[in-house]
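Shown next, in structure tokens, is the structure this report addresses.
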Amino acid sequence: MRAFRGEILSVARDPALDPAAVRHDPDGLLVVEHGVVVARGAYAELAGRFAGVPIEPIDGLIVPGFVDAHVHYPQMDSMAAHGEQLLDWLDRHIFPAEMAFADPAHAREVAGAFCDELLRHGTTSALVFATVHAHSVDALFEAALARAMRVICGKVLMDLGPAGLADTPATARAETEALIRAWRGRGRLGYAVTPRFVLSCSDQQLAVAGEVLATHPDVLLHTHLAENTRECAEVAARFGDARDYVDVYDRFGLVGPRSVFAHGIHLSPRECTRLAETGAGIAVCPSSNLFLGSGFFDFTRAADHGVKLGLGSDVGAGTSFSLLHTAGLAYQAALAGGHRLDPFRALWLATAGGAALLQMADKVGALGEGQEADFVVLDANATPLLARRTRGAALADRLFALQVLGDDRAVSRTYVMGHCAWDRSGVRQ
Ligand SMILES: [Zn+2]
Numbered sequence: 025m026r027a028f029r030g031e032i033l034s035v036a037r038d039p040a041l042d043p044a045a046v047r048h049d050p051d052g053l054l055v056v057e058h059g060v061v062v063a064r065g066a067y068a069e070l071a072g073r074f075a076g077v078p079i080e081p082i083d084g085l086i087v088p089g090f091v092d093a094h095v096h097y098p099q100m101d102s103m104a105a106h107g108e109q110l111l112d113w114l115d116r117h118i119f120p121a122e123m124a125f126a127d128p129a130h131a132r133e134v135a136g137a138f139c140d141e142l143l144r145h146g147t148t149s150a151l152v153f154a155t156v157h158a159h160s161v162d163a164l165f166e167a168a169l170a171r172a173m174r175v176i177c178g179k180v181l182m183d184l185g186p187a188g189l190a191d192t193p194a195t196a197r198a199e200t201e202a203l204i205r206a207w208r209g210r211g212r213l214g215y216a217v218t219p220r221f222v223l224s225c226s227d228q229q230l231a232v233a234g235e236v237l238a239t240h241p242d243v244l245l246h247t248h249l250a251e252n253t254r255e256c257a258e259v260a261a262r263f264g265d266a267r268d269y270v271d272v273y274d275r276f277g278l279v280g281p282r283s284v285f286a287h288g289i290h291l292s293p294r295e296c297t298r299l300a301e302t303g304a305g306i307a308v309c310p311s312s313n314l315f316l317g318s319g320f321f322d323f324t325r326a327a328d329h330g331v332k333l334g335l336g337s338d339v340g341a342g343t344s345f346s347l348l349h350t351a352g353l354a355y356q357a358a359l360a361g362g363h364r365l366d367p368f369r370a371l372w373l374a375t376a377g378g379a380a381l382l383q384m385a386d387k388v389g390a391l392g393e394g395q396e397a398d399f400v401v402l403d404a405n406a407t408p409l410l411a412r413r414t415r416g417a418a419l420a421d422r423l424f425a426l427q428v429l430g431d432d433r434a435v436s437r438t439y440v441m442g443h444c445a446w447d448r449s450g451v452r453q
């Protein structure tokens, strides 16, 4: 057993609906045993009960480890590719990069670098796209397992993809089933059935995705939805009899409480209603949406309909791994639609909100008693500007400045299951 003493902040539920969800211990104690939080509260109240437990003083703001609800590990070396919107960007930049993952050694090298990059940015849990190659999933799971990270991944299904990246409905089913069998129950890993998006899959393959999802109640569905206007037009043209984009996924059994859809920029009220009533949710990816000129996510409409949300970096269209930076951009995207995203709500989206979306809210996201001790130490003095801006600032103001001005520079340490997995100073424990 060991304990950490410092300022602790978490937001377990949507603070717009429940202001009491914000839990702040200015001088707190976090007691961890076997990687799990066994007690948390004011140091003055807990110190006596845990006398004798070694205490590590923490200089900085302790928040739960970030949950990246949508990211592509094979695209990390394709970030900042110039000049295109979604469909051309895929053809010109992304598909060629993903073809290189036919080489398992390349997949392993990138997977290790990707997991290190997540930890460096304070991300301890993530829902991740691999490529169409089954061994690309093995590579990521091996890297995440070695770092004890909570990672969900899946082989990409794309039988209508370009030559070299196209599978078939039969291989999609066989490889997905084999991966689920091989990785189920190992470490903190989980599986997601991962059709790339409607346009990369035949009807037959979408049906396979729905059947596999229905067979395995512990598996998620991870795909893209209504990101780009040209994409939406092509989906509408192919499915002339569908009510809308969500209805296309619905008819293949892909819309339910375990479904995570990235983006959802161009959704009708009916689609929001349908997502909310089925418990499906959206990974909001503002840096990607800006980078590809896709549009702004409508936070007001999502809130009005009660759609479940998390935040995604969507690297490689996303321009940063940092969920702090992503939260700052979410504020800007929300304000473009007249919605003022509160910094505590943004923190909730980046932690417990994302955890709920990924069906892991009982395990991570709020640093509550019984949860796994994944946390980040944020440094409000990380840059001279941040130090000036946050000097003497109240908590909400400090948190907002960290979201707008901060990124990986403001992550001084990342802890996974109570162990330091990243230390900015270069010292690991
Ligand atoms: Zn994506």
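Okay, so the sequence shown: first residue is 25 according to the working numbering, each after it adds one.
Glycine included, every Cβ here is placed at the ideal spot set by N, Cα and C.
Mapping DSSP to helix, strand and coil, what is residue i?
i, result
"His58", "coil"
"Leu41", "coil"
"Ala231", "helix"
"His240", "coil"
"Gly52", "strand"
"Gln453", "Caution is warranted here: a pLDDT of 46 is assigned to Gln453, below 50, making its placement in the model unreliable, and no coordinate value can be reported."
"Thr218", "strand"
"Leu245", "strand"
"Ile86", "strand"
"His159", "helix"
"Phe125", "helix"
"His290", "coil"
"His106", "coil"
"Leu365", "coil"
"Val388", "coil"
"Val134", "helix"
"Cys256", "helix"
"Thr200", "helix"
"Leu316", "coil"
"Asp421", "helix"
"Ala190", "coil"
Tell me residue i's beta-bridge partners as DSSP assigns them.
i, result
"Tyr269", "BP columns for Tyr269 are empty, so no partner."
"Cys444", "Tyr439"
"Pro73", "The amino acid at residue 73 is misidentified as Pro; the sequence shows Arg. According to DSSP, Arg73 bridges with nothing at all."
"Glu396", "Val60"
"Arg174", "Ser149"
"Ser34", "Arg47"
"Gly305", "Val284 and Lys332"
"Arg29", "Leu53 and Pro81"
"Gly65", "Leu53"
"Val24", "Because the chain in this structure spans residues 25 to 453, residue 24 falls outside the shown range and cannot be described."
"Val180", "Thr218"
"Val401", "Ile86 and Arg437"
What separation, rounded to the nearest whole angstrom, lies between the Cα atoms of residue i and residue j?
i, j, result
"Arg364", "Ser283", "27 Å"
"Met441", "Asp398", "5 Å"
"Ala168", "Trp446", "14 Å"
"Ala40", "Arg369", "7 Å"
"Gly280", "Ala75", "47 Å"
"Ala425", "Tyr67", "27 Å"
"Ala379", "Asp386", "8 Å"
"Arg262", "Asp83", "56 Å"
"Val91", "Arg208", "21 Å"
"Gly444", "Thr438", "The sequence shown places Cys at residue 444, rather than the Gly named in the question. Roughly 6 Å between the two C-alpha positions."
"Asp51", "Ala357", "34 Å"
"Asp112", "Arg220", "15 Å"
"Ser224", "Ala93", "21 Å"
"Gln453", "Ala170", "Because the pLDDT at Gln453 is just 46, under 50, the model does not fix this residue reliably, and the point stays unresolved."
"Asn252", "Pro186", "20 Å"
"Ala121", "Val388", "33 Å"
"Phe521", "Leu353", "Any answer about residue 521 is impossible in this case: the structure gives the chain only from 25 up to 453."
"Asp242", "Ala286", "20 Å"
"Met182", "Thr324", "33 Å"
"Leu213", "Leu53", "29 Å"
"Met103", "Arg73", "49 Å"
Would you please state the rounded distance, in angstroms, between the beta carbons of residue i and residue j? I believe it to be under 8 Å.
i, j, result
"Ala434", "Leu335", "Contact doesn't hold; Cβ gap of about 16 Å is too wide."
"Leu249", "Val217", "With a Cβ gap of about 15 Å, Leu249 and Val217 do not count as contacting."
"Arg64", "Val55", "7 Å"
"Ala404", "Arg422", "6 Å"
"Ala131", "His159", "6 Å"
"Asp49", "Trp372", "At roughly 17 Å, the Cβ-Cβ gap does not stay under 8 Å, so Asp49 and Trp372 are not in contact."
Give a yes or no on whether the minimum CB-CB distance between residue i and chain C is below 7 Å.
i, result
"Gly389", "In the displayed structure, chain C is absent; only one protein chain is listed."
Task: At least 3 beta-carbon pairs within less than 8 Å: the region 289 to 298 vs the region 257 to 266 - done: Judged by Cβ distances under 8 Å, the region 289 to 298 makes no contact with the region 257 to 266, as fewer than three pairs qualify.
Task: Touching by the beta-carbon criterion (3+ pairs, under 8 Å), the region 89 to 101 and the region 145 to 160 - done: Look at the beta carbons and you see the region 89 to 101 touching the region 145 to 160: at least three pairs across the two are nearer than 8 Å.
Open item on the list: I'd like to know if the region 40 to 59 and the region 299 to 306 are in contact, where contact means that at least 3 CB-CB pairs between them fall below 8 Å.
Closed with: Not touching, per the Cβ criterion.
Open item on the list: With a threshold of 8 Å, are at least 3 pairs of Cβ atoms found where one atom belongs to the region 190 to 208 and the other to the region 225 to 244?
Closed with: Segments in contact, yes.
Task: Sufficient close CB pairs (3 or more, under 8 Å) joining the region 324 to 344 to the region 307 to 316 - done: The region 324 to 344 vs the region 307 to 316: in contact.
Open item on the list: Run the Cβ filter for me: residues under 6 Å from any heavy atom of ligand 3, listed in the order they occur in the chain.
Closed with: Ligand 3 is not part of this structure, which contains only ligand 1.
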